[in-house]
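K.L.:
To start, I am sharing the structure in question, which I have written as structure tokens.
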Amino acid sequence: MLHTTSPPRLAPGPDEPFDINVDDETFDKLATWSRDYGDVIAIEPRQRLSRALVLNNPEHVRHVLIGNHRNYNKGVGFERVKMLLGNGIIVSDGEFWRSQRRMIQPVFHRRVIAGQAHMMQACNARKLRDWQAKAASGTVVNITEEMSELALEVILRALFSNDLDALSEREGGNPFALLVEDVTRDLKLAMRFRALTRHVADIMQRRRSENRIEHDFLSLLMQSCDKESGQPMTDKALIDEVMTIIVAGHETTAGTLNWAWFLLTQNRRVETALHDEVDALAGPPGFDELGELRYTRQIIDETLRLYPPVWLFSRKAISDDTLVHEPEDVQVPAGTDIFLCPYLLHRDERYWEAPEEFLPERFGDEQIKERNRHVYYPFSLGSRRCIGEFFSIVDMQLHLGLLSRHIRFKHVPDKPVLIEPHINLRSRHSILLMPESR
Ligand code: HEM
15 MLHTTSPPRL APGPDEPFDI NVDDETFDKL ATWSRDYGDV IAIEPRQRLS
65 RALVLNNPEH VRHVLIGNHR NYNKGVGFER VKMLLGNGII VSDGEFWRSQ
115 RRMIQPVFHR RVIAGQAHMM QACNARKLRD WQAKAASGTV VNITEEMSEL
165 ALEVILRALF SNDLDALSER EGGNPFALLV EDVTRDLKLA MRFRALTRHV
215 ADIMQRRRSE NRIEHDFLSL LMQSCDKESG QPMTDKALID EVMTIIVAGH
265 ETTAGTLNWA WFLLTQNRRV ETALHDEVDA LAGPPGFDEL GELRYTRQII
315 DETLRLYPPV WLFSRKAISD DTLVHEPEDV QVPAGTDIFL CPYLLHRDER
365 YWEAPEEFLP ERFGDEQIKE RNRHVYYPFS LGSRRCIGEF FSIVDMQLHL
415 GLLSRHIRFK HVPDKPVLIE PHINLRSRHS ILLMPESR
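Taking our numbering, the leading residue of the sequence shown gets 15, the next gets one more, and so forth.
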């Protein structure tokens, strides 16, 4: 008689088989299981073929993302992202990813971002005028929607400069605005979004035929060549990278600013400290003043701790591996799905005092030094760390620095403020705020 025995458990975990996804059910279960099982949760698959490990220990996170990162490819969930982004660097792996990352890296150089700061200031100056008018007329701001629009505008201008206005004029509106308007992330949206690639191809074509180079991300990407092969990207790869930058750079920043403004309305002490900092500036801050906006930066860091937009992401083990652990090491067979959840580690009492409280002081230099470096990773870690981190920090620091000099908000209680843990961690409903001039 043939006996089939299931392989031994990889680590403690729930008895029920379960497939981890970016959804409410997973969010709730992970919160419970991390309390029950701690550092490593082993989960048997329901419909998937491979077993899963959720890692909730900073040393294991470091091992997968830094120490032995070559053994881990992108994992579950990225197939869906591929429908939107083709083979852009957020989803690609191996030699193709390495070559693309090398070519894209110079686009995000400090010097280039410094050159984008004027554009960010101009977008925020328009936003300030709008909010001042709304404050004067007592008009409520839908901060969730407005942060989404603003973050989209900034990333599109960083990519296309004035070609964005020309495109909007030709098309009778900004065709990329569907990303703000349509918040469902279904197949229909994926198809409408992919249809936007023709506008990117069109702008590239116009620039080539006019022999025109702009000081923006698109021109830099078009000029970029692989150091080893000397070859530029194919047009298909270029378009995929542009679409990747739009998606990766828009919703993450928008979500963070949405939460930051909400948190400020709930924490008057923090708001006052922010006002003290921005009021001490000689004038509206620009790129050179960012060093003076240290507390503003801490507010952003603390917002990203409580509400990391990328709250859960995955890897797949290429070969067998071992995670050092007490009392027993954890075996990671080839093919195991690995899930990393910044949201859980960012709120883990073992590493954070009063983890549910909004305390930007945690990100003072001394406090950072005293903490394990790998318990905080909103931008991931290692060689696949977010390429847009500096761009988004500059964007958010300038936004809060410029706007909070003149505007403060009061929360308008409408629908309950709840987390929506889907591909990004967003607020389930739009948050409404009443602006006041200051
Ligand atoms: C608050 C803002 C942001 C957060 C929290 C964030 C977070 C992340 C995280 C966690 C990853 C790693 C995902 C993984 O390895 O599975 C990532 C990758 C990436 N991010 Fe961001 N991101 C932000 C803003 C941006 C912006 C503004 C851009 C572009 C302008 C951008 C472009 C990218 C790209 C291209 C990657 C893929 C990098 C690679 O795999 O080599 N991100 N981001």
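All residues carry an ideal CB built from backbone N, CA and C; glycine is no exception.
Just so it is clear, the structure is predicted and the values come from calculations on it, not from any experiment.
On the criterion of 16 or more Cβ atoms from any shown chain inside 10 Å, does L16 qualify as buried, or is it exposed?
P.N.:
By one-based count along the sequence shown, residue 16 stands at place 2. Interpretation of L16 is limited by its pLDDT of 46, a score under 50 that renders its predicted location unreliable; the figure taken from the coordinates is listed afterwards. It counts as exposed.
K.L.:
Does S397 pass the burial test, meaning 16 or more other C-beta atoms within 10 Å, or should it be called exposed?
P.N.:
Numbered from its first residue, the sequence shown carries residue 397 at position 383. So S397 counts as exposed.
K.L.:
What is the residue span of the alpha helix (DSSP H) that I314 lies within?
P.N.:
Here residue 314 is taken as the residue at index 300 of the sequence shown, counted from 1. Residues R308 to L320.
K.L.:
Helix, strand or coil, according to DSSP, for Y365 in the structure here?
P.N.:
As a position in the sequence shown, residue 365 is number 351, starting the count at 1. The answer is coil: DSSP assigns Y365 none of H, G, I, E or B.
K.L.:
With distance defined between alpha-carbon atoms, name the residue in G378, V292, L99 and T336 nearest to Y86.
P.N.:
Numbered from 1 along the sequence shown, position 72 holds the residue referred to as residue 86. For the residues G378, V292, L99 and T336, the minimum Cα distance to Y86 belongs to T336.
K.L.:
Here's the rule: buried if 16 or more other CB atoms are within 10 angstroms of the residue's CB, otherwise exposed. What is N438?
P.N.:
Your numbering for residue 438 matches position 424 in the sequence shown. By the neighbour-count rule (16 or more Cβ atoms within 10 Å), N438 is buried.
K.L.:
Could you spell out where the alpha helix (DSSP H) holding D409 opens and where it closes?
P.N.:
In the sequence shown, the residue the question calls residue 409 occupies position 395. Unbroken alpha helix (DSSP H) run through D409: E403 to L417.
K.L.:
Decide if P427 is buried, meaning its Cβ has at least 16 other Cβ atoms within 10 Å, or exposed.
P.N.:
By 1-based counting over the sequence shown, the position of residue 427 is 413. Exposed: under 16 other Cβ atoms inside 10 Å.
K.L.:
Quick one: measure Cβ to Cβ for L252 and L235, integer angstroms, because I've assumed they're closer than 8 Å.
P.N.:
Locating residue 252 in the sequence shown gives position 238, counting from the first residue. Locating residue 235 in the sequence shown gives position 221, counting from the first residue. Contact holds; Cβ gap of about 6 Å.
K.L.:
Over what stretch of residues does the beta strand (DSSP E) that includes H360 continue unbroken?
P.N.:
Sequence index remark: in the sequence shown, residue 360 carries index 346 (1-based). Here H360 belongs to no beta strand (DSSP E); instead the alpha helix (DSSP H) covers P356 to H360.
K.L.:
Helix, strand or coil for Y86 per DSSP?
P.N.:
Against the sequence shown, residue 86 aligns to sequence position 72. Strand.
K.L.:
Based on DSSP bridge pairs, tell me the residues matched to V346.
P.N.:
Here residue 346 refers to the residue found at position 332 when the sequence shown is read from its first residue. For V346, which the question treats as bridged, DSSP gives the partners D335.
K.L.:
Is it buried or exposed for K429, if we count other Cβ within 10 angstroms and need 16 for buried?
P.N.:
As a first step, residue 429 is located in the sequence shown; it is residue number 415 there, counting from the start. K429 is exposed by the Cβ-count criterion.
K.L.:
So the candidates are S444, E242, F405 and Q411; which of them puts its Cα closest to the Cα of E160?
P.N.:
Along the sequence shown, one-based indexing puts residue 160 at 146. Nearest C-alpha to E160: S444.
K.L.:
Are at least three pairs of beta-carbons, each pair with one atom in the segment 170–177 and one in the segment 124–138, less than 8 Å apart?
P.N.:
Contact between the segment 170–177 and the segment 124–138 is present, because at least three Cβ pairs lie under 8 Å.
K.L.:
With a threshold of 8 Å, establish whether the CB of T267 neighbours any heavy atom of the ligand HEM.
P.N.:
Numbered from its first residue, the sequence shown carries residue 267 at position 253. Yes, the ligand HEM has a heavy atom inside 8 Å of this Cβ.
K.L.:
Compare the Cα-Cα distances from F327 to each of L63, L288, E255 and L79 and report the closest residue.
P.N.:
Your numbering for residue 327 matches position 313 in the sequence shown. It is L79 whose Cα lies nearest to the Cα of F327.
K.L.:
Would you decide whether V338 is buried or exposed? Buried here means 16 or more other CB atoms lie within 10 Å of its CB.
P.N.:
Residue numbering aside, residue 338 sits at position 324 when the sequence shown is read from its first letter. With fewer than 16 Cβ atoms within 10 Å of its Cβ, V338 is classed as exposed.
K.L.:
Measuring CB to CB, does L166 end up less than 9 Å from H213?
P.N.:
In the sequence shown, residue 166 corresponds to position 152, counting from 1. In the sequence shown, residue 213 corresponds to position 199, counting from 1. Their beta carbons are not under 9 Å apart, which means L166 does not touch H213 by this criterion.
K.L.:
H229 to Q237, Cα distance in whole Å?
P.N.:
Working through the sequence shown from its first residue, we reach residue 229 at position 215. Working through the sequence shown from its first residue, we reach residue 237 at position 223. So the two alpha carbons sit approximately 11 Å from each other.
K.L.:
Can you list, in chain order, the residues of its chain with a C-beta nearer than 8 Å to that of A204? Leave out the 5 residues immediately preceding and following it.
P.N.:
Along the sequence shown, one-based indexing puts residue 204 at 190. M97 and L98.
K.L.:
What is the DSSP secondary structure of K330, reduced to helix, strand or coil?
P.N.:
Stepping through the sequence shown from its first residue, residue 330 is reached at position 316. Looking at K330 - three-state DSSP - the assignment turns out to be strand.
K.L.:
Going straight from the alpha carbon of I227 to that of K88, what length do you get?
P.N.:
One-based indexing of the sequence shown puts residue 227 at position 213. One-based indexing of the sequence shown puts residue 88 at position 74. Taking the straight line from one Cα to the other gives about 34 Å.
K.L.:
Taking the straight line between their C-alpha atoms, what separation do you get for M247 and D107?
P.N.:
Within the sequence shown, the letter at position 233 stands for residue 247. Within the sequence shown, the letter at position 93 stands for residue 107. C-alpha separation (whole angstroms): 16 Å.
K.L.:
Which runs of the alpha helix (DSSP H) spanning at least 4 residues fall entirely within the segment 31–65, listed in chain order?
P.N.:
Segments of the alpha helix (DSSP H) lying fully in the segment 31–65: 38–51.
K.L.:
Classify E450 as helix, strand or coil using the three-state DSSP reduction.
P.N.:
Stepping through the sequence shown from its first residue, residue 450 is reached at position 436. Here E450 sits in strand by DSSP.
K.L.:
So, V105 versus T258, is the Cβ gap smaller than 9 Å?
P.N.:
Locating residue 105 in the sequence shown gives position 91, where the first residue counts as 1. Locating residue 258 in the sequence shown gives position 244, where the first residue counts as 1. The answer is yes: Cβ separation under 9 Å.
K.L.:
Within its chain, find whatever has a CB closer than 8 Å to the CB of N386; leave out the 5 residues flanking it on each side and keep chain order.
P.N.:
Position 372 of the sequence shown holds residue 386. These residues qualify, in order along the chain: P72 and Y365.
K.L.:
Among S451, D351, E370 and L142, which one has its Cα closest to the Cα of P59?
P.N.:
Counting from one through the sequence shown, the residue named residue 59 turns up at place 45. Closest by alpha carbon: D351.
K.L.:
Among R143, R65 and N101, which has the Cα closest to the Cα of E450?
P.N.:
Start at 1 with the first residue of the sequence shown, and residue 450 comes out as number 436. Nearest of R143, R65 and N101 to E450, Cα basis: R143.
K.L.:
Taking the alpha helix (DSSP H) that K141 falls in, what are its first and last residues?
P.N.:
Taking the sequence shown and counting its residues from 1, one reaches residue 141 at position 127. Its alpha helix (DSSP H) spans residues R124 to S151.
K.L.:
Any chance the CB of R94 is under 8 Å from a heavy atom of the ligand HEM?
P.N.:
Numbered from 1 along the sequence shown, position 80 holds the residue referred to as residue 94. No, the beta carbon of R94 sits no closer than 8 Å to any heavy atom of the ligand HEM.
K.L.:
To the nearest angstrom, how far is it from the Cα of T158 to the Cα of Q411?
P.N.:
Numbered from 1 along the sequence shown, position 144 holds the residue referred to as residue 158. Numbered from 1 along the sequence shown, position 397 holds the residue referred to as residue 411. Going from the Cα of T158 to the Cα of Q411 covers about 18 Å.
K.L.:
Could you tell me if the beta carbon of E185 falls within a distance shorter than 8 Å of some heavy atom in the ligand HEM?
P.N.:
The residue labelled residue 185 in the question sits at position 171 within the sequence shown. Not so, every heavy atom of the ligand HEM lies at least 8 Å from the Cβ.
K.L.:
Measure from the alpha carbon of A25 to the alpha carbon of each residue in A45, Q61 and L67, then state which is nearest.
P.N.:
Within the sequence shown, residue 25 is the residue found at index 11, counting from 1. Of the candidates A45, Q61 and L67, the one whose C-alpha sits nearest the C-alpha of A25 is L67.
K.L.:
What residue range does the alpha helix (DSSP H) around S113 cover?
P.N.:
Your numbering for residue 113 matches position 99 in the sequence shown. Where S113 is concerned, the enclosing alpha helix (DSSP H) stretches over G108 to I118.
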